[in-house]
Structure formats: structure tokens, C-alpha cells
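As given, the protein sequences belong to chains A and B, one line each in that order. UniProt numbering applies: residue 1 is where the first sequence begins, and numbers increase by one. UniProt numbering applies: residue 1 is where the second sequence begins, and numbers increase by one. From the three backbone atoms N, C-alpha and C, an ideal C-beta is built for every residue, glycine too. Being a predicted model, the structure only gives us computed values, none of them experimental.
Protein chains: 2
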Amino acid sequence: MKKLLDDPENAVDDSLTGFAAAHADVVEVHGLHGSGPVYVTRAGGAVEGKVGLVSGGGSGHEPLHAGFVGDGMLDAAVPGAVFTSPTPDQITPAIQAADAGRGVLAIVKNYTGDILNFETAVELAEAEDVEVATVVVNDDVAVEDSLYTAGRRGVAGTVMVEKIAGAAAVRGDDLAAVTAVAEKVIANVRSMGVALEACTVPHVGKPSFDLAEGEIEIGIGIHGEPGRHRVPMASATEITRLLVDPILADLDLAAGERVLLFVNGMGGTPQSELYVVYGRARTLLEERGVTVARSLVGNYVTSLEMQGASVTVLRLDDELEQLWDAPVRTAAMHW
Amino acid sequence: MKKLLDDPENAVDDSLTGFAAAHADVVEVHGLHGSGPVYVTRAGGAVEGKVGLVSGGGSGHEPLHAGFVGDGMLDAAVPGAVFTSPTPDQITPAIQAADAGRGVLAIVKNYTGDILNFETAVELAEAEDVEVATVVVNDDVAVEDSLYTAGRRGVAGTVMVEKIAGAAAVRGDDLAAVTAVAEKVIANVRSMGVALEACTVPHVGKPSFDLAEGEIEIGIGIHGEPGRHRVPMASATEITRLLVDPILADLDLAAGERVLLFVNGMGGTPQSELYVVYGRARTLLEERGVTVARSLVGNYVTSLEMQGASVTVLRLDDELEQLWDAPVRTAAMHW
Numbered sequence: 001m002k003k004l005l006d007d008p009e010n011a012v013d014d015s016l017t018g019f020a021a022a023h024a025d026v027v028e029v030h031g032l033h034g035s036g037p038v039y040v041t042r043a044g045g046a047v048e049g050k051v052g053l054v055s056g057g058g059s060g061h062e063p064l065h066a067g068f069v070g071d072g073m074l075d076a077a078v079p080g081a082v083f084t085s086p087t088p089d090q091i092t093p094a095i096q097a098a099d100a101g102r103g104v105l106a107i108v109k110n111y112t113g114d115i116l117n118f119e120t121a122v123e124l125a126e127a128e129d130v131e132v133a134t135v136v137v138n139d140d141v142a143v144e145d146s147l148y149t150a151g152r153r154g155v156a157g158t159v160m161v162e163k164i165a166g167a168a169a170v171r172g173d174d175l176a177a178v179t180a181v182a183e184k185v186i187a188n189v190r191s192m193g194v195a196l197e198a199c200t201v202p203h204v205g206k207p208s209f210d211l212a213e214g215e216i217e218i219g220i221g222i223h224g225e226p227g228r229h230r231v232p233m234a235s236a237t238e239i240t241r242l243l244v245d246p247i248l249a250d251l252d253l254a255a256g257e258r259v260l261l262f263v264n265g266m267g268g269t270p271q272s273e274l275y276v277v278y279g280r281a282r283t284l285l286e287e288r289g290v291t292v293a294r295s296l297v298g299n300y301v302t303s304l305e306m307q308g309a310s311v312t313v314l315r316l317d318d319e320l321e322q323l324w325d326a327p328v329r330t331a332a333m334h335w
Numbered sequence: 001m002k003k004l005l006d007d008p009e010n011a012v013d014d015s016l017t018g019f020a021a022a023h024a025d026v027v028e029v030h031g032l033h034g035s036g037p038v039y040v041t042r043a044g045g046a047v048e049g050k051v052g053l054v055s056g057g058g059s060g061h062e063p064l065h066a067g068f069v070g071d072g073m074l075d076a077a078v079p080g081a082v083f084t085s086p087t088p089d090q091i092t093p094a095i096q097a098a099d100a101g102r103g104v105l106a107i108v109k110n111y112t113g114d115i116l117n118f119e120t121a122v123e124l125a126e127a128e129d130v131e132v133a134t135v136v137v138n139d140d141v142a143v144e145d146s147l148y149t150a151g152r153r154g155v156a157g158t159v160m161v162e163k164i165a166g167a168a169a170v171r172g173d174d175l176a177a178v179t180a181v182a183e184k185v186i187a188n189v190r191s192m193g194v195a196l197e198a199c200t201v202p203h204v205g206k207p208s209f210d211l212a213e214g215e216i217e218i219g220i221g222i223h224g225e226p227g228r229h230r231v232p233m234a235s236a237t238e239i240t241r242l243l244v245d246p247i248l249a250d251l252d253l254a255a256g257e258r259v260l261l262f263v264n265g266m267g268g269t270p271q272s273e274l275y276v277v278y279g280r281a282r283t284l285l286e287e288r289g290v291t292v293a294r295s296l297v298g299n300y301v302t303s304l305e306m307q308g309a310s311v312t313v314l315r316l317d318d319e320l321e322q323l324w325d326a327p328v329r330t331a332a333m334h335w
């Protein structure tokens, strides 16, 4: 294993130390170097009069979630150990820090550990008189039930939920309204991914799974959980079709509708290849009469250095489009 | 070789097709599908009354350079084949397209092929009455003379040259003044990189070089050209010191000075590791009494899916800091 790390056991702490220093104008990282529970908040704290947004999950998916803390998106993020849910003692203070009196929305990806730990943390925060609502993101159409998950997994569509709900909060929506916007995104976003090569968790030291020479895994999870099937290596056009067809089948898009198309890199795939997949996916959508009105291409929900990509499609309406376009200023997304 | 591509021979064209569609609000890509010389311009063309900026080089370093075309940075970019200089017949129309009557600055990375082809293209553009100045970026302190290069190589510091000279052009500087700003950046920026694993050029189909298990290359070039030495895999702290010490020796920074610190990913290294390197590099600078006033961390000048990183340090003054902070709106840099 070759990684730019010191002690693999301290990988998350060391990385967050650099992250905090590089983005001190946007974020504050709490609990570094064993000083307490680890969580990330906006520099300057909660915004008076605004519903707070909190998300979190295992590390190794950077920039998710800490990279999306800032104006127009999250107020706090909670990074667990690599591919491991954050604990309630981390999540609760993050929820409290995000509260400015109008309540907090917790955005949770659908993994059993995340669900349980957020539930406990929400109860603890409510006991401290913070009003909390929770939404569960489950955009991955690859499999029903999976390693770590009952029901569908939450993957790259989480970025759309965080961005759009964040903009609704800035707009002044109350907690029920922000929650409704988040649920609308969840109801209309679907994803599916492919792995070409596995990643290596630092403290494990060997690849999370084995793919044979010339073999790829369609429907891979962001922790390397099994997907739908392993198939021989194929062209970008063929692979993209294997990702887009199940999304379209599930989302039931009609000709004339418009979408946001997001091609996400898993961490180890060159940007040039992501644009090839984007181009192929766009063609498949346009062939169905669907208009690609907004686009995002890049490494946003990664699996360490996994080689591969995922495609996410979000059905847009005027409201979602306006909220997507609203200004955002975070470490990883800025416009 | 597993890559998300169709025909490897069409990799650049297929990728630019997706790039053009995803960023049609920012860029226009000319010459796709064999329709003519390939180059990228701002959507809407040159800006009246502003000096134009053009850069270019081999593909495979995305988002460099096409990702930096847009408001506040480049007016045109010229992508060659992977790791291959663009040709004069591509560069000349890009220079002409960038000209709005106040002349054009060509920003060239110091590789023999790029230098020669830009020289020819500049002569052709001048014959068409475009005033052109050229600067050569040579920030890599790893080696003097190298495969493909006489003198130092131009690497990640190119991003700083393009951003800051771009802001000077927006400020209204004439061609001589924009050129002087670019030269000031070049005089004050230094970089050095490390490779943990090689990349594979699509149409070659095998890794560009071999690194043994547990071996890394210090001072690697962005095409996999040899660096200073191969050493056994080491900790992030030790590797970062091997990159930062030669930069500091060359830049001759004094206590009390302030810098921009840029940790660049080569394409296949997780963002979490880049932040570890950033944190270590920052500590080394602060130990010398140098203030890190601005930061950039991410994949900006890549080598396909190479695993590794580079460190870039730019000595700042008030002018460079203001120009760095000025608004920018491109596919890959936006604030």
C-alpha cells in the first residue's frame, strides 16, 4: 500500500487538520488531535434565523460531507472513521451547533449504522430542546438491500439534497418546508455506479475487493459493497448504458422533462474519462427527449482512490432549478 | 488497461465533446469530430477592450488548460493529443480568436515541443496582424533539463500564472503590463512533485514507467519524466519535506514573507491525502516564519490517473494577492 499518510490510524485526523487550515475562512473543525468529538461547522457558527442543516457519514468519500459546509449548503458535517458511521457523541454536538432556533434538518445516507447513530443523536439533541427533522437519502438504484443497508443505499444524489435543501434554508423556509424540499429531491434523484478497480482502506492495507484483469463491477456501492453483476470490461458507451438504463427505468422520465445530469468520479479516474461518460449519458437522455438543463462533473462523492464513476439524474422543476442555481460558498462547491 | 473510453484514439475528442456540452455556458469547443483544428474559446468570444490570454499543451492534465477558460482567466486553450504538444494549426486560430484588438499573451509551459509549436503559431498570428507576447512557465525545481525539456519544466505553477495574469487583463492592463504580471508570477513560483504509481496513456495501453512495490519517485514530471531520485515509500511527513525543502532553497523565502500554498493532485490520489500533504507543507513553511496567506488543494494539473501530488509555493505581495482573489468563472475554478 502506497499512500500519502503518516500513521494510517490517524489518517482522518491528519487530513482534517490540513482541511481546517486550508479553509479556515469557511469552516471550523472541532475535536482535532483527540481534543473531543470530531465535527465540522461553518466558520462563524449557525446563521441567525435560518434552519440548520447537518449531514455526516464515514470518511473516505471526500469532499462529502465536510467539503459542503458553508454558505448555501450545510451548517455542520460529521466525519466518521474511514467507511464507518460517525458516533452519536459526534453527531449530537454538530446538531446543536447548527441550531439557530429554527430547528435542524439531518440529512442521512441510508446505511444501517448511519441511521441508528443519527437516530440516537437526534434523540439526545431533542432532549436538549433542539427541534430536528431527518431525511434519508436512498438514490442508488443498483440493489435493494445490501451489505450495510436495508433498502437502497444513499450515494452521490446526496450532493443534490444538500445543495438544494441548503438553498431552501437560505431562502427562509421553516423546518417543515426545508424538509419537504429535501424529500422532493430524494423522490426525484437516482444514481448508479461502476468500479474498474477497488480502493484500499488505510488501516486495512489491502484492496477492499478483487476485480479480475478485464473485469468491472456494475452497481458498485461507495464502500465497495457488491453491485448487480460483474461483467467484462467494455466501452464507455456500453458501460454508461448499463448505468443510465436502470436509472431511467426507475425514474420513469417522460419526453419533454428536464434534468440535472451529474457524473461523479470515485476518486481515481481521470476527469477526461468522466467527461466521456457525461457525453454518452447526455446522448442517452436526449434520445429519450429529455433535456439536460444542469450539469455537474467531477469527484464529489468518492471512495478513496477507487477507479470508477457514477451517474446521477435529478428530475428538475422550476423550484429545484432555482435552488440549485442559488449561490453557494463551500470548500468543494462554489458559485 | 481499464479506462472509461471508447476508441482510445478518440479519447481527447470524446472527452472534449462531453466537456463542451457540460459547460456550454462558459466555453465553446472548436474542431470536434474532425471538423477542423481543435481549440477551446470562451462562450461569446473575446472580450472587447481586454488583452487576450491563450495557453495550451498536451491533453491528460485536465482540468489544465481548457478548464481555466472563462471570465477572469484564459480566453482560449489548445489541447494537444495526450501528453503531446498542440500543433501550430491549432494554436494560431486560438490566438486569433482571443484577440480583441489589444493583443494576446501566450502562456507556454517549458517543453521543447510546446515552445517550438507556439513560436511558429505566434509568427503566423503576427503575420495576421495580431500582437502577441509569450511567457514561458518553468516552475519545477526538480531537475534542470529533462526528457522533452531544456531548462526547468513548467508544471502546476501554470495555474497561478493563468489566474493572476487573467485578473490583470480584466483589470484593464495593456499587453506589456499583463506580460509583466505573468513574469512576476513565474519569477516567484516553484513546484515539485512525487509519483506513487504511474499512469497509462490510452493509446499506449501500458503504464508510462514502472515503480517497484514500495518505491516512489521524487521530482517526477507531469508526463512521468524522470525526477531526482527513487526512494523507498516513506511517510507523508518525510515525502512532503523532500518536496518542500528544494522549493524553499530555490525561492529563498525569508521569515515574515507570505505565500500561496498549492497542493495539487496528480489525478489518482484521494483528496484526503492531499490535505495531509497540505498540512505538513504548511507546518514546514510556518516553522520558517513564512505565512500561508492563500491556499489551493485539489486536482488541477493532473497526469491522467497517476497517483501522487505536487507542492507549489508562490511568494505573494499585495498585487498578486488581490489578483488571485479577483472573481473567476471557469469550468474548474470559480469564485
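Given 8 Å as the limit, is there contact between the region 315-322 of chain A and the region 192-206 of chain A, that is, 3 or more CB pairs closer than that? No, the region 315-322 of chain A does not touch the region 192-206 of chain A.
Can leucine 211(A) be considered in contact with the ligand ADP, in the sense that its beta carbon sits closer than 7 Å to one or more heavy atoms? The model depicted lacks the ligand ADP and carries no ligand whatsoever.
Which ranges does the alpha helix (DSSP H) cover as unbroken runs of at least 4 residues, wholly within the region 149-225 of chain A, from first to last along the chain? Residue ranges of uninterrupted alpha helix (DSSP H) with 4 or more members, entirely inside the region 149-225 of chain A and ordered along the chain, are 158-171, 175-188.
Tell me aspartate 325(B)'s beta-bridge partners as DSSP assigns them. When beta bridges are read from the DSSP output, aspartate 325(B) appears opposite no residue.
Hey, residue 337(A) and alanine 309(A): beta-carbon distance below 8 Å or not? Residue numbering for chain A in the displayed model covers 1 to 335; residue 337(A) lies beyond these limits and cannot be assessed.
Taking lysine 3(A) as the query, report the chain B residues whose CB atoms sit under 7 Å from its CB, ordered along the chain. Below the 7 Å Cβ cutoff, chain B contributes Glu273 as neighbours of lysine 3(A), in chain order.
Do three or more CB pairs link the region 37-56 of chain B to the region 75-94 of chain B at distances below 8 Å? Yes, the region 37-56 of chain B is in contact with the region 75-94 of chain B.
Counting only C-beta atoms, is arginine 288(B) closer than 8 Å to chain A at any point? Cβ-Cβ to chain A under 8 Å: no for arginine 288(B).
Flag aspartate 71(B) as yes if its beta-carbon sits less than 8 Å from any beta-carbon of chain A, otherwise no. Contact of aspartate 71(B) with chain A is not assigned, every C-beta pair being separated by 8 Å or more.
According to DSSP, glutamine 307(A) sits in a beta bridge with which residue or residues? In the DSSP assignment, the residues bridged to glutamine 307(A) are Glu197(A).
Look at the alpha carbon of arginine 288(B) and the alpha carbon of alanine 255(B), and state the distance between them as a whole number of angstroms. Each residue's alpha carbon lies about 6 Å from the other.
Near alanine 182(A), which residues of its chain fall below 7 Å by C-beta distance, leaving aside the five closest residues on each side in sequence? Taking C-beta separations shorter than 7 Å and ignoring five residues to either side along the sequence, the partners of alanine 182(A) in its chain run Leu105, Ile107, Val135, Val161, Ala165, following chain order.
If you follow the beta strand (DSSP E) that phenylalanine 83(A) is in, where does it begin and where does it stop? Annotation for phenylalanine 83(A): no beta strand (DSSP E) segment contains it, and DSSP assigns it neither H nor E.
Considering only their Cβ atoms, is the gap separating aspartate 145(A) from glycine 151(A) smaller than 8 Å? In this structure, glycine 151(A) lies near aspartate 145(A), with their beta-carbon atoms less than 8 Å apart.
At the 8 Å Cβ level, is aspartate 245(B) part of the contact set with chain A, yes or no? Among the residues facing chain A, aspartate 245(B) is not included, as its CB has no counterpart in that chain under 8 Å away.
So with CB distances below 9 Å, who are the chain B contacts of glycine 268(A)? Ordered by position in chain B, the residues that pass the 9 Å Cβ test against glycine 268(A) are Gly267, Gly268, Thr269, Pro270, Glu305, Gln307.
Does DSSP put arginine 102(A) in a helix, a strand or coil? Looking at arginine 102(A) - three-state DSSP - the assignment turns out to be coil, as it is neither helix nor strand.
For residue 390(B), tell me which candidate among Thr84(B), Val143(B), Ala234(B), Leu243(B) has the shortest Cα-Cα distance. Missing from the structure shown is residue 390(B); chain B here goes from 1 to 335 and no further.
With a threshold of 8 Å between beta carbons, is glycine 172(B) in contact with chain A? No - not a single Cβ of chain A is within 8 Å of the one on glycine 172(B).
Does the distance from the CB of glycine 70(A) to the CB of arginine 102(A) come in under 8 Å? No, Cβ-Cβ distance for glycine 70(A) and arginine 102(A) is not below 8 Å.
Taking Cβ positions only, does proline 232(A) come closer than 8 Å to chain B? Not one beta carbon of chain B lies nearer than 8 Å to the beta carbon of proline 232(A).
Relative to the C-alpha of glycine 298(B), which candidate in Leu274(B), Glu48(B), Arg280(B) has its C-alpha closest? For glycine 298(B), the nearest C-alpha among the options comes from Leu274(B).
Tell me the DSSP secondary structure of proline 232(A) in three-state form. Assigned with DSSP and collapsed to three states, proline 232(A) falls in strand.
What whole-angstrom Cβ distance do serine 59(B) and glycine 34(B) have, given they're in contact under 8 Å? Rounded to whole angstroms, the Cβ separation of serine 59(B) and glycine 34(B) is 16 Å, and the two are not in contact under 8 Å.
Would you tell me roughly how many angstroms separate the C-alpha atoms of aspartate 13(A) and leucine 147(A), rounded to the nearest one? The C-alpha of aspartate 13(A) lies about 27 Å from the C-alpha of leucine 147(A).
Nearest candidate by alpha-carbon position, reference alanine 156(A), set Val311(A), Gln322(A), Leu320(A), Gly18(A): Relative to the Cα of alanine 156(A), the nearest Cα in the group Val311(A), Gln322(A), Leu320(A), Gly18(A) belongs to Val311(A).
If you follow the alpha helix (DSSP H) that arginine 280(B) is part of, which residue opens it and which one closes it? According to the DSSP assignment, arginine 280(B) belongs to the alpha helix (DSSP H) that extends over 271-287.
What are the residues of the region 89-105 of chain A that lie near chain B, defined by any Cβ-Cβ distance shorter than 9 Å? Listed in sequence order: no entries.
Over the uninterrupted alpha helix (DSSP H) stretch that includes valine 51(B), give me the two end residues. Where valine 51(B) is concerned, there is no enclosing alpha helix (DSSP H), given that its DSSP letter is neither H nor E.
Taking the straight line between their C-alpha atoms, what separation do you get for glutamate 305(B) and aspartate 99(A)? Approximately 41 Å between the Cα atoms of the pair.
According to the Cβ coordinates, are alanine 66(B) and valine 170(B) closer than 8 Å? At a Cβ-Cβ threshold of 8 Å, alanine 66(B) and valine 170(B) do not count as neighbours.
Can you pull out the residues from the region 8-40 of chain B whose beta carbon lies closer than 8 Å to at least one beta carbon of chain A? Taking 8 Å as the upper bound on Cβ-Cβ separation, chain A lies near residues Ala11, Val12, Asp14, Ser15, Leu16, Thr17, Gly18, Phe19, Ala21, Ala22, His23 of the region 8-40 of chain B.
Could you tell me which of Val189(A), Glu119(A), Leu64(A) sits nearest to methionine 266(A), measuring between CA atoms? From the listed residues Val189(A), Glu119(A), Leu64(A), the smallest Cα separation to methionine 266(A) is found for Leu64(A).
Would threonine 330(B) and phenylalanine 118(B) be called neighbours here (beta carbons separated by less than 8 Å)? With respect to phenylalanine 118(B), threonine 330(B) sits apart: the two C-beta atoms are not nearer than 8 Å.
Using a beta-carbon distance below 8 Å, is valine 313(A) in contact with chain B? So, not an interface residue.
Grouping DSSP H, G and I as helix and E and B as strand, with all else coil, what is leucine 296(A)? Strand at leucine 296(A).
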